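The next block holds one structure in the form of structure tokens; read it before the comments.
Number of protein chains: 2
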Amino acid sequence: MARDLRMSRMLHVLIHMDRHVGRATSEQIAQMISTNAVVVRRMMAGLRERGIVSSEKGHGGGWQLACPLAEISLRDVYEAVGHPPLFNIGPQADPSPCLVEQAVDARLDATLAEAEARLLAQFAAITVEEVAQDFERRFADSGHRVPFPWHGATGE
Amino acid sequence: MARDLRMSRMLHVLIHMDRHVGRATSEQIAQMISTNAVVVRRMMAGLRERGIVSSEKGHGGGWQLACPLAEISLRDVYEAVGHPPLFNIGPQADPSPCLVEQAVDARLDATLAEAEARLLAQFAAITVEEVAQDFERRFADSGHRVPFPWHGATGE
DNA sequence: ACTCACGTAACAATGAAAGTTTCATGTCTT
DNA sequence: AAGACATGAAACTTTCATTGTTACGTGAGT
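Sequences listed follow chains V and P, in order. Just so we're aligned, residue 1 is where the first sequence starts under the working numbering, counting upward by one. Just so we're aligned, residue 1 is where the second sequence starts under the working numbering, counting upward by one.
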């Protein structure tokens, strides 16, 4: 696939759960983000381990937020979905005996590591609540049109 | 595959060409970086368009540096290999009608765009010559062992 | 002519994320 | 206790981008 969508999708889900649905089953969440319930469970498992959401089995079960959005940073979400590799470029993983390649890899790794640290710091400084407020601004500016028309579902 | 290796591999090649081989055929370069001659031509084509290297056909032909390493930045190389996507994470490409998703995507895109700009600025500030000097430091520190043992070739 | 080397198109292999199927386990309702 | 509902988890398939490979055309030198 193109790139790792988990972080983006999870943010989407967390805001919906806080602002609109409260509790939701994997199946319902899957429809929000146009995917499969099993994919949802895979992603949510990491969030549960970190206490961001909780799950309950059986009749009436499903997923629920376990803490306020203001206490969740984008970095928390990034880590929770398994901290996938940030970059699409870079040297190969295994080290080489060639000193030229070693020098190139070291420079590139150092530069990317610095960029990664800065980006993660940015993520740590943004809460999911802030993004939820971004959404509410968009909602207000749109004249309160239907805010989350997932799959053309008009009523439901 | 794991990630895009072109930038790393091209840096490797450029330094070898400047410091060790001068002119080289696609086949020879392919051996340096353990790949195929066609892959090399694909990568080098972008560099030629930007005047970083030149190629000559026929007997005695091959590739040659067209300017000093001090005048080539890592960003030049990045652009020359086709500016592949920097990040492995992010929202999906196509826009969504869901205002929540729009807000999430906008935040994420903005944050990544800022990180990308900073990283590219870093790349622009590093010349290939600097990396070549990194190599020479490593070479000196190693007590002048065989610096580029590609494929266990002892002599040749 | 013949060989060497790049230029290019077309196709196969590889690897990671996402999608899917299947079954087990736990929970609520009746 | 039986049945429906929902998560948990393993195994497999699909998809997509990069890389690897084959094949053929073109230009340059001997």
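For every residue, glycine included, the Cβ atom is placed at its ideal position computed from N, Cα and C. Treat the numbers as computed from the prediction; the structure is a model and nothing was measured.
Item: What number of angstroms, rounded off, separates the C-alpha of P/Asn-88 from the C-alpha of V/Ala-115?; Value: 14 Å
Item: Looking at the secondary structure, which residues open and close the alpha helix (DSSP H) in which P/Leu-65 lies?; Value: Segment 62–65 is the beta strand (DSSP E) holding P/Leu-65; no alpha helix (DSSP H) there.
Item: What's the C-alpha gap between V/Arg-137 and V/Gln-102?; Value: 49 Å
Item: Between which residues of its own chain and P/Ser-26 is the CB-CB distance below 6 Å, once the five residues before and five after are set aside?; Value: Ala-37, Val-40, Arg-41
Item: Helix, strand or coil: which one does DSSP assign to P/Thr-25?; Value: coil
Item: Grouping DSSP H, G and I as helix and E and B as strand, with all else coil, what is V/Val-53?; Value: strand
Item: Return the chain-ordered list of same chain residues with a C-beta closer than 7 Å to the C-beta of P/Val-131, the five sequence neighbours on each side being excluded.; Value: Leu-11, Ile-15
Item: Is any beta-carbon of chain P found at less than 8 Å from that of V/Asn-88?; Value: yes
Item: Is there a C-beta anywhere in chain V that falls below 8 Å from the one on P/Glu-101?; Value: yes
Item: Considering only C-alpha positions, which residue in the set V/Gln-64, V/Pro-84, V/Leu-119 is nearest to V/His-20?; Value: V/Gln-64
Item: For P/Ile-89, which residues does DSSP report across the bridge?; Value: V/Asp-4
Item: Could one say the Cβ of V/Glu-156 lies closer than 8 Å to chain P's Cβ atoms, at least one of them?; Value: Here V/Glu-156 scores only 36 on pLDDT, less than 50, and its place in the model should not be relied on; the value that follows carries that caveat. No, because no Cβ of chain P sits closer than 8 Å to the Cβ of V/Glu-156.
Item: Can you confirm whether P/Asp-76, when its beta carbon is compared against all beta carbons of chain V, has any partner nearer than 8 Å?; Value: no
Item: Between which two residues does the alpha helix (DSSP H) containing V/Leu-108 stretch?; Value: 99–124
Item: Could you name the residues of the same chain whose beta carbon sits closer than 7 Å to that of V/Ser-142, not counting the 5 residues immediately before and after it, in chain order?; Value: none
Item: Output the boundary residues of the alpha helix (DSSP H) element that contains P/Ala-70.; Value: No alpha helix (DSSP H) holds P/Ala-70; DSSP gives it neither H nor E.
Item: Do we get a CB-CB distance below 8 Å when we pair V/Thr-127 with the residues of chain P?; Value: no
Item: When the cut-off is 8 Å and only beta carbons count, does V/Val-21 lie next to chain P?; Value: no
Item: Looking only at DSSP bridge pairs, what is V/Thr-127 linked to?; Value: V/Ser-73
Item: Can you list, in chain order, the residues of its chain whose CB lies under 7 Å from that of V/Val-81, leaving out five sequence neighbours each side?; Value: Arg-6, Met-7, Met-10, Met-43, Gly-46
Item: By the 10 Å Cβ neighbour count, where 16 or more other Cβ atoms means buried, how is V/Ser-73 classified, buried or exposed?; Value: buried
Item: With 8 Å set as the bound, which would you pick, yes or no: does the beta-carbon of V/Gly-143 sit closer than that to a beta-carbon of chain P?; Value: no
Item: Could you check what DSSP says for V/Asp-94 in three-state terms: helix, strand or coil?; Value: coil
Item: Can the beta-carbon of P/Gln-92 be found less than 8 Å from the beta-carbon of V/Thr-111?; Value: no
Item: Just to make sure I have the definition right: I need the residues of chain P whose C-beta is within less than 7 Å of the C-beta of V/Met-7. Which are they?; Value: Ile-89
Item: Helix, strand or coil for V/Ile-33? Go by DSSP, reduced to three states.; Value: coil
Item: Leaving out the 5 sequence neighbours to the left and right, which residues in its chain are closer than 6 Å to P/Arg-50 when beta-carbon positions are compared?; Value: Ala-80
Item: Against chain P, does V/Val-38 count as a neighbour if the rule is that its beta carbon must be under 8 Å from one of theirs?; Value: no
Item: Tell me the rounded alpha-carbon separation between V/Val-77 and V/Phe-135.; Value: 18 Å
Item: Is it buried or exposed for P/Asp-105, if we count other Cβ within 10 angstroms and need 16 for buried?; Value: buried
Item: Distance check for P/Phe-139 and V/Pro-97, CA to CA, integer angstroms please.; Value: 12 Å
Item: Distance check for P/Val-13 and P/Ile-33, CA to CA, integer angstroms please.; Value: 8 Å
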